[in-house]
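J.:
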Amino acid sequence: MQARERDQFPPASRLPKDAENVWEWVALACQRSPIQPIANLGQGSIDFNPPQFLIDAHTEAISKIEVNDYGPTQGLPRLTRALSATCSKVHGRTLDPCQEISIHCGATEALLCSVMAFIEPGDEVIVPEPTFNLHVVCQVRYENQIRLFGGIVRYVTMTAPPDTNSRTVLANEWKLEPGELRKVISPNTKMLVSRFAIIRHNPLGKAFSAEELLEIGKICTASNALILSDEAWEHLDFSSNFCSMASLGEPISSQTIVIGSAGKAFNAAAWRVGWAIGHKELIKHIQTAHILLTFNAPGPAQEASAIGLERGVSEGFWQGNRKRAQDCVSSLCGTIQELKLPYTVPAGAPYIFLNTRNIHIPPDYSFPPNVTHRPRDWKLAWFLIQEIGLATIPGSAFYSTANDRSGRDCLRLFACKSDQGLQDARLRLRKLAKWIKP
30 MQARERDQFP PASRLPKDAE NVWEWVALAC QRSPIQPIAN LGQGSIDFNP
80 PQFLIDAHTE AISKIEVNDY GPTQGLPRLT RALSATCSKV HGRTLDPCQE
130 ISIHCGATEA LLCSVMAFIE PGDEVIVPEP TFNLHVVCQV RYENQIRLFG
180 GIVRYVTMTA PPDTNSRTVL ANEWKLEPGE LRKVISPNTK MLVSRFAIIR
230 HNPLGKAFSA EELLEIGKIC TASNALILSD EAWEHLDFSS NFCSMASLGE
280 PISSQTIVIG SAGKAFNAAA WRVGWAIGHK ELIKHIQTAH ILLTFNAPGP
330 AQEASAIGLE RGVSEGFWQG NRKRAQDCVS SLCGTIQELK LPYTVPAGAP
380 YIFLNTRNIH IPPDYSFPPN VTHRPRDWKL AWFLIQEIGL ATIPGSAFYS
430 TANDRSGRDC LRLFACKSDQ GLQDARLRLR KLAKWIKP
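268 is the number that the numbering used here gives to position 239 of the sequence shown; each next residue is one higher, with no gaps.
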């Protein structure tokens, strides 16, 4: 049979065009580096295991028939009960484990089901930036999920302090101006997708105050817009002042869907267990989408996650995990200060947004074809991987294509690493000194 032409089966128009995954781009650069092993501060992966009590729980769960077979599509009752017990305090109301919590194959699927459940073609969805990129160069994860169902993305850009190029700034100095948010709201606005309520804002590590969240919530509810609040990192709150968007009372609570993640909570991203929490009138539609997409989340991981929630306090896990992350950030920031480079100090996250304006790539440096057309931050990310074996993420990857210039002087560093991983990263960072010029 004659080979088919490559374009005989083009991808559906709903898929991103010429999709290139920034994480795979960085991984490929790491593979090509002559310096091995790489000190990887790029992808937000933690290079140490969950606590032993959780590993034991997962191991034991695998032998249970009832969690290896199809379970309730809503999630294992033990997990939804544990989430109700844990999250009711945070949300300020008693959550019904049977009707107000939906378990998913990770937070990503919970987000996708939420968008699928409510977005019609032509609906507008507001996405703040900078924000977490997953799938496509200079296009955030949310954008592609929204476009998959015909939604239209409207971006609102956070305001950076005016002197970020010359001094170290606090993450909480970055602001989402209410006036800017109002400008992008229209009669077609259906939803706001945010990482506002999370302490571990990616890439800034900003901790939004209750006052900031309340102002945002009022604007959205006045426009009858849903709020999809990605709170996957709620347990890593350095300040102990975590505020969930869903805790701000009515009508904000009834228009908010909160997304959470066991993988992020327990340093076990491959478990693929996440959840959506909200009023039953919202969750029932998200559940319908979940049944159509994946039907079930992994049973043993659900069981282990429930045990983690039940025993997290008594085992001292939450407090110990927060301290470990904060110590990692302090250690890495200390090395950056030695280099006299400006950066954004995170308020409650192991992310560091590094300003690289004073790092100068040699003008005659040769880049491969897949890098030559890239912005400066991409070239610098490649350069550091090849020359000192240090992986980071280009700052512009956290912005939309139209506004990616806002991130071109920055790199994102993920600091939550093992002692050895952090030591290696600090040694590599110090090698930057010879390319730093005011």
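Yeah, the Cβ is synthetic: ideal placement off N, Cα and C, and Gly gets one too. Here the structure is a predicted model, which means the values were calculated and not measured.
#1: Flag this pair as yes or no: are the beta carbons of residue 51 and residue 426 separated by less than 7 Å?
#2: From residue 294 to residue 393, what distance separates their C-alpha atoms?
#3: Less than 7 Å between the beta carbons of residue 197 and residue 372, yes or no?
#4: Applying the 10 Å Cβ sphere with the 16-neighbour rule, what's the burial state of residue 322?
#5: What are the start and end residues of the beta strand (DSSP E) that includes residue 441?
#6: Would you say residue 440 and residue 401 are within 7 Å of each other, going by their C-beta atoms?
#7: Can you give me the Cβ contacts of residue 453 inside the same chain, cut-off strictly under 7 Å, excluding the 5 residues immediately before and after it?
#8: Thinking just about the alpha-carbon of each residue, which of 301, 407, 99 is nearest to the one in residue 55?
#9: Might you give, ordered along the chain, the residues of its own chain that have their beta carbon closer than 8 Å to the beta carbon of residue 388, omitting 5 neighbours on each side?
#10: Please state if the CB of residue 303 and the CB of residue 475 are separated by a distance shorter than 7 Å.
#11: Does the beta-carbon distance from residue 489 to residue 457 come in below 7 Å?
#12: Let me make sure I understand the geometry here. Which of 415, 446, 405, 416 has the alpha-carbon closest to that of residue 434?
#13: Give me the Cα-Cα distance between residue 41 and residue 366, rounded to the nearest whole angstrom.
#14: Excluding five sequence neighbours on each side, which residues of the same chain lie with their C-beta closer than 8 Å to the C-beta of residue 353?
#15: Can you list, in chain order, the residues of its chain whose CB lies under 6 Å from that of residue 337, leaving out five sequence neighbours each side?
#16: First and last residue of the beta strand (DSSP E) that includes residue 384?
#17: For residue 220, which beta-bridge partners are listed by DSSP?
#18: Rounded to whole angstroms, what's the CA-CA distance from residue 403 to residue 415? Just pull it up for me.
#19: For the alpha helix (DSSP H) that contains residue 144, what are its first and last residues?
#20: Got a sec? Which residues, its chain only, sit under 8 Å from residue 252 by beta carbon, not counting five neighbours each side?
#21: Can you tell me whether DSSP reads residue 471 as helix, strand or coil?
#22: Mapping DSSP to helix, strand and coil, what is residue 370?
#23: Quick check on DSSP: helix, strand or coil for residue 429?
#24: Return the first residue and the last residue of the beta strand (DSSP E) that residue 288 is part of.
#25: Evaluate the contact criterion for the region 179-195 versus the region 203-212: three or more CB pairs, one atom per stretch, below 8 Å.
#26: DSSP beta-bridge partners for residue 303?
#27: The beta strand (DSSP E) with residue 102 in it runs from where to where?
#28: With DSSP collapsed to three states, give me the class of residue 39.
#29: Roughly how many angstroms separate the alpha carbons of residue 228 and residue 429, rounded to a whole number?
#30: Compare the Cα-Cα distances from residue 507 to each of 37, 66, 237, 348 and report the closest residue.
#31: Between which two residues does the alpha helix (DSSP H) harbouring residue 91 extend?
#32: To the nearest angstrom, how far is it from the Cα of residue 328 to the Cα of residue 319?
#33: When DSSP labels each residue in this structure, what does residue 44 get in the three-state scheme?
#34: Which residue from 137, 120, 310 puts its Cα closest to that of residue 259?
#35: Do you know offhand how far residue 190's Cα is from residue 158's?
#36: Whole angstroms is fine: what's the gap from residue 471's alpha carbon to residue 45's?
T.: According to the structure shown:
#1: Here residue 51 is near residue 426, since their CB atoms are less than 7 Å apart.
#2: So the two alpha carbons sit approximately 45 Å from each other.
#3: Closer than 7 Å, so yes.
#4: Residue 322 is exposed by the Cβ-count criterion.
#5: Note, residue 441: beta strand (DSSP E), 439-443.
#6: No, these two residues do not count as a Cβ contact at 7 Å.
#7: Answer for residue 453: 68, listed in chain order.
#8: Nearest option by C-alpha distance: 407.
#9: Answer for residue 388: 370, 409, 461, 464, 465, listed in chain order.
#10: Within the shown structure, residues of the chain are numbered from 30 to 467, placing residue 475 beyond reach of any answer.
#11: An answer regarding residue 489 cannot be provided, because it is not within the stretch 30 to 467 covered by the chain.
#12: Of all alpha-carbon atoms in 415, 446, 405, 416, the one lying nearest the alpha-carbon of residue 434 is that of 405.
#13: Taking the CA atoms as reference points, residue 41 sits about 48 Å from residue 366.
#14: Excluding residues within five positions, the ones whose Cβ falls inside 8 Å are 445.
#15: 83, 295, listed in sequence order.
#16: Unbroken beta strand (DSSP E) run through residue 384: 380-384.
#17: DSSP output for residue 220 lists 154, 255 as bridge partner(s).
#18: Between residue 403 and residue 415, the alpha-carbon positions lie close to 16 Å from each other.
#19: Counting along the chain, the unbroken alpha helix (DSSP H) around residue 144 starts and ends at 135-147.
#20: Around residue 252, the same chain offers 214, 218 as residues with beta carbons nearer than 8 Å, after the five sequence neighbours per side are excluded.
#21: Because the chain in this structure spans residues 30 to 467, residue 471 falls outside the shown range and cannot be described.
#22: Coil, per DSSP.
#23: Of the three classes helix, strand and coil, the one that applies to residue 429 here is coil, per DSSP.
#24: Bounds of the beta strand (DSSP E) holding residue 288 are 285-290.
#25: Taking a cut-off of 8 Å on C-beta distances, the region 179-195 touches the region 203-212, as three or more cross pairs fall below it.
#26: Looking at the DSSP assignment, residue 303 forms a beta bridge with 133, 290.
#27: Neither: residue 102 is in no beta strand (DSSP E) and is coded neither H nor E.
#28: Residue 39 falls in the coil class under three-state DSSP.
#29: A caution first: residue 228 carries a pLDDT of 37, below 50, which makes its placement in the model too unreliable to give a value.
#30: Lying outside 30 to 467, the shown extent of the chain, residue 507 is not represented and no answer is given.
#31: First-last for residue 91: undefined, no H or E at that position.
#32: Approximately 15 Å, taken between the alpha carbons.
#33: In this structure, residue 44 counts as coil in the three-state DSSP scheme.
#34: Minimum Cα-Cα distance from residue 259 among the listed residues 137, 120, 310 corresponds to 137.
#35: Answer to the nearest angstrom: the Cα atoms are 15 Å apart.
#36: For residue 471 there is no data in the structure shown, the boundaries of the chain being 30 and 467.
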